[in-house]
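Okay, so here's the structure we're looking at.
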Amino acid sequence: MTADRIIFILCAALILASGLMVVITRKLIHAALWLVAALFGVAILYAILQASFLAVVQVVVYIGAIAILFIFAVMLTRREMLDKGAQTRSNWWLPALLGFLILVGLVFLILGQPAFAQPAAALPAGIDTLRSLGTALISPDAYVLPFEVASVLLLAALVGAVYIATGKKE
Amino acid sequence: MLFLNDPITFIAGWMRTLLSGWGLSSGLVTVIIYILGITVLIIFAMALDIMLVWVERKVVARFQDRLGPNRIGPFGLIQPFADIIKLVIKEDITPAGADKLLYNLGPVLAIASVIILWAILPLSSRIFGVDLNVAVLYLVAAGALGTLSIIVGGWASNNKYALLGAFRMVANMVSYEIPMVVVLLIPTILANSMSVQDITVAQSGMWFAILSPLAFIIFLISAIAELGRSPFDLNEAESEIVAGFHIEYTGMKFGLFYAGELLHAFTFGGFIAVLFFGGYGGFFGLENIGFFSWLNNPFVQAVVFLVKAMFGYWVIMWVKYSMPRIRIDHMLAFNWKFLTPLALVVLVNTAVLSKVLIGLPNWGYVLGMFFSNIVIGLITVEILRAYGRKQRKAEANLNPQRAQN
Amino acid sequence: MQTNWLYIGIFLVVGIIVPIVPLVFSRLVAPRKPNPIKLSTYECGIETVGDSWVQFKAQYYIFALIFLVFDVETVFLFPWALSLRQLPLFVVLEGVLFIAILVAGLVYAWRKGMLEWV
Numbered sequence: 380m381t382a383d384r385i386i387f388i389l390c391a392a393l394i395l396a397s398g399l400m401v402v403i404t405r406k407l408i409h410a411a412l413w414l415v416a417a418l419f420g421v422a423i424l425y426a427i428l429q430a431s432f433l434a435v436v437q438v439v440v441y442i443g444a445i446a447i448l449f450i451f452a453v454m455l456t457r458r459e460m461l462d463k464g465a466q467t468r469s470n471w472w473l474p475a476l477l478g479f480l481i482l483v484g485l486v487f488l489i490l491g492q493p494a495f496a497q498p499a500a501a502l503p504a505g506i507d508t509l510r511s512l513g514t515a516l517i518s519p520d521a522y523v524l525p526f527e528v529a530s531v532l533l534l535a536a537l538v539g540a541v542y543i544a545t546g547k548k549e
Numbered sequence: 009m010l011f012l013n014d015p016i017t018f019i020a021g022w023m024r025t026l027l028s029g030w031g032l033s034s035g036l037v038t039v040i041i042y043i044l045g046i047t048v049l050i051i052f053a054m055a056l057d058i059m060l061v062w063v064e065r066k067v068v069a070r071f072q073d074r075l076g077p078n079r080i081g082p083f084g085l086i087q088p089f090a091d092i093i094k095l096v097i098k099e100d101i102t103p104a105g106a107d108k109l110l111y112n113l114g115p116v117l118a119i120a121s122v123i124i125l126w127a128i129l130p131l132s133s134r135i136f137g138v139d140l141n142v143a144v145l146y147l148v149a150a151g152a153l154g155t156l157s158i159i160v161g162g163w164a165s166n167n168k169y170a171l172l173g174a175f176r177m178v179a180n181m182v183s184y185e186i187p188m189v190v191v192l193l194i195p196t197i198l199a200n201s202m203s204v205q206d207i208t209v210a211q212s213g214m215w216f217a218i219l220s221p222l223a224f225i226i227f228l229i230s231a232i233a234e235l236g237r238s239p240f241d242l243n244e245a246e247s248e249i250v251a252g253f254h255i256e257y258t259g260m261k262f263g264l265f266y267a268g269e270l271l272h273a274f275t276f277g278g279f280i281a282v283l284f285f286g287g288y289g290g291f292f293g294l295e296n297i298g299f300f301s302w303l304n305n306p307f308v309q310a311v312v313f314l315v316k317a318m319f320g321y322w323v324i325m326w327v328k329y330s331m332p333r334i335r336i337d338h339m340l341a342f343n344w345k346f347l348t349p350l351a352l353v354v355l356v357n358t359a360v361l362s363k364v365l366i367g368l369p370n371w372g373y374v375l376g377m378f379f380s381n382i383v384i385g386l387i388t389v390e391i392l393r394a395y396g397r398k399q400r401k402a403e404a405n406l407n408p409q410r411a412q413n
Numbered sequence: 010m011q012t013n014w015l016y017i018g019i020f021l022v023v024g025i026i027v028p029i030v031p032l033v034f035s036r037l038v039a040p041r042k043p044n045p046i047k048l049s050t051y052e053c054g055i056e057t058v059g060d061s062w063v064q065f066k067a068q069y070y071i072f073a074l075i076f077l078v079f080d081v082e083t084v085f086l087f088p089w090a091l092s093l094r095q096l097p098l099f100v101v102l103e104g105v106l107f108i109a110i111l112v113a114g115l116v117y118a119w120r121k122g123m124l125e126w127v
């Protein structure tokens, strides 16, 4: 049980518990904040995998922008932000059984893959992952076209949001 | 290696031999050394924070032509300790209906998001927390956690003024993050790295503030907005919504918010020093001359860094105590319609010039960058002037009798 | 590099514990005499009027949305900025194209009046 394993198990427990609390908790604001905890757990996972850029970007974009957007949306729409109904339905055992069967099936499928048994190959020494990512995104024989298309996608999202927002006023 | 040349490694090596001698495993030794080093660094930051309260009150007093605290201790130096004792023994009133857990989490998260910035602050070439290779984005990530703490604090207070203050503050901080992140790209391009150590080393020939003065000015403005200090301090506009999102906080919790804001300002002063003024180095090549080789000593570098950070903090205070508050719609219009396009133009200019000017000797490179910034600045001023002229003419047309008077 | 992140993880934990110490100390030392007047919500010294929920201005949401798009854009620009030195000049033009497309979006939002705080 190396330190890596322990940290991974703690982190996975954090993510799963936060995800569960997002669904269970009654107050909407608490749900948004548990989501922040789950996203932070994912950032820790990226850091464990030595993807430092992705870890920091996860915090900057997901927690700094998307979670804030969620919290604003929650405060914008609901007057009474408390869920007063019952937490479970009477036939809760059926979806629970289905979920459990799917979980068992997935575990079998994944464990059957040969690549899953060995640990991931270590990165070659001296490689600078950040610069390789940059070069891959920009150089013409790599991913420059998806890079430019991503900007068009962001533009489409912006135009769509503006259109929906102005549409209500007219 | 001598203690004077490499203090942290020397102490860490000594502790490692000591603890391994007691029979602990190597991983555990590393963790213990980390915990001790981190505790020392954080206590240093908090002690500095206490002195910043004194600095702030003395400086604001001088700006307002009065003396400031001078009764407790020589020059009022013991005043911050009296403040802390007062805050600790004050009653902690949690308002009815406040969300207990979030109410207590707010101030802790606010100051934690500032403390974690000290992990990457390069006090000298051999005294720092970690040399993270994504340090520049880490700065933005810590800001994101700070934004979250404000929403949590404002919402948990169960008070409509706290909520209003928190919303306005978050809209402000979030908007000014864009020019800040865009301008943070400029030291990255100039130093070809996101690590603060590399950026400091790259400035040993010429400060980035001289290579790109517009970037420094935009970063200063966005940093002041991120800090929530005047003239962008709508969250704690004392004359408008009393104390904004921390109305309902009393005693030490308020103290944590206040101390967190001061430490944040000083940390940003430190980052301005690192990113634009050469950090702990930047002596224009002076340290290579034999007589000045003591400039390479880590302790001298730490003192140089703290002096530069204090200067950055002083500039931030100077702006705070000289300017009136800006209205929220003016604030946001200034950001989205002026700062963001300007920051993007400066970024494109720096990126293009960094490739085009690559063949020239050093002075050609410096002059080319500097004058391109001056040209952009002059064009911006001309555009603003033309726009102002147009607005004045439109207003004169609307009110002809008022224009004649 | 993993030791770097371990350091930052420990830093975060210690950074959360250190501010809690004065809070705990204050809890032990400070008086606690709650009464209903003290515990009531603050509203400039008068009784509160209405709920503590205000009509949330939709404009906050619009600004957060525009911020999100530009945040993702600037995050994409970081790998670009780091590979400028190694690659030839047209790489700069690729980045300029990326920025130009998003500036067009900003101009569109400006013209539609989305950047007004009315």
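Just so you know, the protein sequences line up as chains A, B and C, in that order. Once you know that position 12 of the first sequence is 391 in this note's numbering, the rest is easy, because the numbers rise by one and skip nothing. Once you know that position 379 of the second sequence is 387 in this note's numbering, the rest is easy, because the numbers rise by one and skip nothing. Once you know that position 46 of the third sequence is 55 in this note's numbering, the rest is easy, because the numbers rise by one and skip nothing. We put the beta carbon where it would ideally sit given N, CA and C, even for glycine.
Applying a beta-carbon distance threshold of less than 9 Å, which residues of chain C neighbour Thr545 of chain A?
Lys121, Gly122 and Met123
CA nearest to the CA of Ile46 of chain C, picked from B:Ile101, B:Gln72 and B:Tyr42
Here the closest residue by C-alpha is B:Ile101.
For Pro525 of chain A and Leu533 of chain A, I'd like the C-alpha separation in whole angstroms.
12 Å
Cα-Cα, which of B:Leu392, B:Arg333, B:Thr388 and B:Ala359 is closest to Gly376 of chain B?
Here the closest residue by C-alpha is B:Ala359.
Any Cβ of chain A within less than 7 Å of the Cβ of Gly24 of chain C?
no
Is the distance from the Cβ of Ile194 of chain B to the Cβ of Ser220 of chain B below 7 Å?
yes
Which residues in chain B sit within 8 Å of Phe76 of chain C, going by Cβ to Cβ distance?
Within chain B, the residues near Phe76 of chain C are Val182, Ser183, Glu185 and Ile186.
Taking DSSP as the reference, what is the three-state secondary structure of Asn121 of chain C?
Looking at the sequence provided, one finds Lys at residue 121 of chain C rather than Asn. Coil.
If you drop the 5 nearest sequence neighbours on each side, which residues of the same chain put their C-beta closer than 8 Å to that of Glu549 of chain A?
Bear in mind that a pLDDT of 45 at Glu549 of chain A, under 50, signals an unreliable position, so the model cannot answer this.
Within the same chain, show all residues whose beta-carbon is closer than 6 Å to that of Ser2 of chain B, passing over the 5 residues directly before and after it, in chain order.
With chain B running from 9 to 413 in the structure shown, residue 2 of chain B is simply not present.
Assuming contact is defined by CB atoms lying nearer than 7 Å, are Gly213 of chain B and Ser157 of chain B in contact in what I supplied?
No. Outside cutoff.
Residues near Phe6 of chain B in its chain [Cβ-Cβ closer than 7 Å; skip 5 each side]:
With chain B covering only 9 through 413, there is no way to say anything about residue 6 of chain B.
If we ignore side chains and look at the alpha-carbon of each, how far apart do Leu96 of chain C and Ile19 of chain C end up?
38 Å
At the level of alpha carbons, what is the spacing between Glu64 of chain B and Trp163 of chain B?
Roughly 29 Å between the two C-alpha positions.
Counting only beta-carbon separations shorter than 7 Å, does Val142 of chain B have a partner in chain A?
yes
Continuous alpha helix (DSSP H) stretch holding Asp14 of chain B: start and end
Per DSSP, Asp14 of chain B belongs to no alpha helix (DSSP H) and is neither H nor E.
Any C-beta of chain B under 7 Å from that of Phe526 of chain A:
no
Should Phe175 of chain B and Tyr70 of chain C be called a contact, given that it needs their Cβ atoms to be closer than 7 Å?
no
Taking all protein chains shown into account, decide if Val144 of chain B is buried (16 or more other Cβ within 10 angstroms of its Cβ) or exposed.
buried
Closest by CA to Met123 of chain C, which one among A:Phe432, A:Thr514, A:Leu477 and A:Val538?
A:Val538
Mind listing, in chain order, the continuous beta strand (DSSP E) runs of no fewer than 3 residues lying wholly within the stretch 147 to 222 of chain B?
none
Could you give the residue range of the alpha helix (DSSP H) that holds Glu295 of chain B?
From DSSP, Glu295 of chain B is part of no alpha helix (DSSP H); its letter is neither H nor E.
Please list, in chain order, the chain A residues whose beta carbon lies closer than 7 Å to that of Thr155 of chain B.
Gly443 and Ile447
CB contact below 7 Å: Trp126 of chain C versus chain A:
Judged by the 7 Å Cβ criterion, Trp126 of chain C is not in contact with chain A.
Where DSSP assigns a beta bridge to Lys108 of chain B, which residues make up the other side?
According to DSSP, which records beta bridges pairwise, Lys108 of chain B is partnered with nothing at all.
Val61 of chain B: first and last residue of the uninterrupted alpha helix (DSSP H) it sits in
Ser34 to Phe71
Spatial distance of Val133 of chain C from Ala529 of chain A (CA atoms):
Past the edges of chain C, shown from 10 to 127, lies residue 133 of chain C, and the structure says nothing about it.
From B:Ser362, B:Ser28, B:Ala404 and B:Gly21, residue whose alpha carbon lies closest to that of Leu198 of chain B:
B:Ser362
Please look up how many angstroms separate the CB atoms of Ile225 of chain B and Leu283 of chain B, rounded, as I've assumed it's under 8 Å.
In fact, because the Cβ distance is near 13 Å, the residues do not count as touching under 8 Å.
In whole angstroms, what separates the C-alpha of Lys6 of chain B from that of Arg70 of chain B?
One cannot answer for residue 6 of chain B here, as it falls past the ends of chain B, which runs 9 to 413.
Using the Cβ count rule (16 or more neighbours within 10 Å means buried), how would you classify Lys401 of chain B?
Answer is exposed; the Cβ neighbour count stays below 16.
Just tell me which of C:Trp119, C:Gly114 and C:Ile108 has its CA closest to the CA of Leu352 of chain B.
C:Ile108
Per-residue DSSP class, three states only, for Asn141 of chain B
coil
Please check if any C-beta of chain A sits within less than 7 Å of the C-beta of Leu145 of chain B.
By this cut-off, Leu145 of chain B is an interface position.
Using a Cβ-Cβ cut-off of 6 Å (strictly less than) and excluding sequence neighbours within five positions of Gly104 of chain C, which residues of its own chain qualify?
Trp89
Beta carbon proximity, Gly114 of chain C to chain B, threshold 7 Å:
no
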